[in-house]
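Report on one structure; see the data block that follows.
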Amino acid sequence: MPVDVKNPVDSLYNQFWHGMECMWNEMKEGMRKQKNEARQLQTQIDNLEAIRWEQAAQIADAQAINRLLREKLEQAEKAYQETQTALLKAEKAYTELRLKVDTMGTGGSVGLSQSLFLTMKEPDTFNGDKANQLDDWLESMALWLRHRGVTQDKKKIETAMTYLRGTAKKVMQGYFDKVNDQESLGAYATFIEELKKGFQQTDKKNRAIAEFNQLVAKKGTNAQNFGEFSARFRTLAKQTGFSNAELLSKLYVHVPKPAADVLITRGREKWAKTWDEFINEVQEILQDSRLLNGTVLTSQIAKDPNAMDVDTVKGKKSS
């Protein structure tokens, strides 16, 4: 091969291999960097995984400690209640022993108060089913405390609390909470006032519920007497403690027929959402139709005269 041809070919060949070597070196360097990055990323993943396991272990330990603390608290509360019961029994035994010693010291004669104590019947538990028996129970408890020699307010309250059951215990739950929290129970007179007040409120609520049930059980609500009905409904509803949904369901069956027709036309989704506003809505419809003055009357429905047919409302809504 002529020299003038061979030299350029060799030069091109050398350049080609030099370029290939450079490219190969760059590829190796890139692969090396990627491997390093992959190793670093894996190290980070391993570290995060280790942290996760460590945190999971810490959470498990915290949960175990929490369970242990709850168990200890329950045990402490149980032990406290048992201690209170034991103290009351010990106090009773001490009083009885003191009476026996007093009797021995007087040559065997028993005084009037000791005689009453030894023959006195222990008060019954009070569950509050009959609130009118509260005064009788309080008198029995007062006599019992006197002849047991209990004079401290704290001891009087704690003794009385051991006889409370059911509704009575719920009414005085605040005092049981004070015992658990080791707070002062205050004066025995205040305890009695709170007990009476609680039953007055409970009795008032029960009477309101009974009167309310009688009111909504009556049929024949119409455009002329709806104002009187709704006024009584408002007064009693606020005392019953019933939910908004319960009160609305009671109202629906007492809506006068003419107002019910208007409400059905509007669609149930447009009705007032609270029972108080719903009464206002019905009264506005009746007022607009001059039904409150008895000037407009419509035919009665067969199932319940002058009452809104809830089934009809549901049917129109679905259609």
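Residues 81 to 399 in our numbering are what the sequence shown spells out, letter by letter. The beta carbon of each residue, even a glycine, is placed where N, CA and C say it ideally should be.
The straight-line gap separating the alpha-carbon atoms of K285 and G246 is approximately 17 Å. For Q363, the enclosing alpha helix (DSSP H) starts and ends at 355-368.
In the DSSP assignment, L244 forms a beta bridge with F206. A Cβ-Cβ separation of about 7 Å places A317 in contact with F292 under the 8 Å criterion. Between L343 and F306, the CB-CB gap reaches or exceeds 8 Å.
Note that the segment 226-235 does not touch the segment 255-262; fewer than 3 beta-carbon pairs, one per stretch, sit closer than 8 Å. The three-state reading of DSSP puts D261 in coil, since its state is none of H, G, I, E or B. For A222, the enclosing alpha helix (DSSP H) has its first and last residue at 214-228. By the CB criterion at 8 Å, T205 and Y243 fall inside the cutoff. Secondary structure note for E326: its alpha helix (DSSP H) is the uninterrupted segment 324-332. A buried status is given to V362, since no fewer than 16 other beta-carbon atoms sit within 10 Å of its beta-carbon. Annotated three-state conformation of P338 is helix, per DSSP.
Between the C-alpha atoms of A140 and I131 there is a straight-line separation of about 14 Å.
Between the C-alpha atoms of E134 and Q124 there is a straight-line separation of about 15 Å. When the alpha-carbon of L167 is set against those of M221, T239, A267, F309, the nearest one is in T239. By a beta-carbon distance limit of 8 Å, T301 contacts P336. Their separation comes to about 6 Å.
Distance from the CA of D356 to the CA of F309, rounded to the nearest whole angstrom, comes to 13 Å.
In the structure shown, K298 falls within a coil segment according to DSSP collapsed to helix, strand and coil.
Its chain contains L343, F358, E361 as the residues whose beta carbon lies nearer than 8 Å to that of W351, once the 5 sequence neighbours on both sides are disregarded; these appear in chain order. Separation of the CB atoms of M200 and W217 is rounded to 15 Å, and the pair is thereby denied contact status at 8 Å. Between the alpha carbons of P203 and L214 lies a distance of about 12 Å. Counting other Cβ atoms within 10 Å of its Cβ, M221 reaches 16 or more and is therefore classed as buried. Our two residues, R287 and K250, have alpha carbons roughly 19 Å apart in a direct line. Just measuring C-alpha positions, the residue of G347, F279, T354, A340 sitting nearest S369 is A340. Taking all protein chains in view, the Cβ of A303 is crowded by 16 or more other Cβ atoms within 10 Å, so the residue is classified as buried.
By the CB criterion at 8 Å, L275 and M252 fall inside the cutoff.
A residue is called buried when at least 16 other Cβ atoms come within 10 angstroms of its Cβ; I145 does not meet this threshold and is exposed. It is roughly 10 Å from the alpha-carbon of G278 to the alpha-carbon of G208. In its own chain, leaving out the 5 sequence neighbours on each side, no residue places its CB closer than 8 Å to the CB of E273.
Each of E263, T282, K172, E117 was checked against the Cα of R228, and the nearest Cα belongs to K172.
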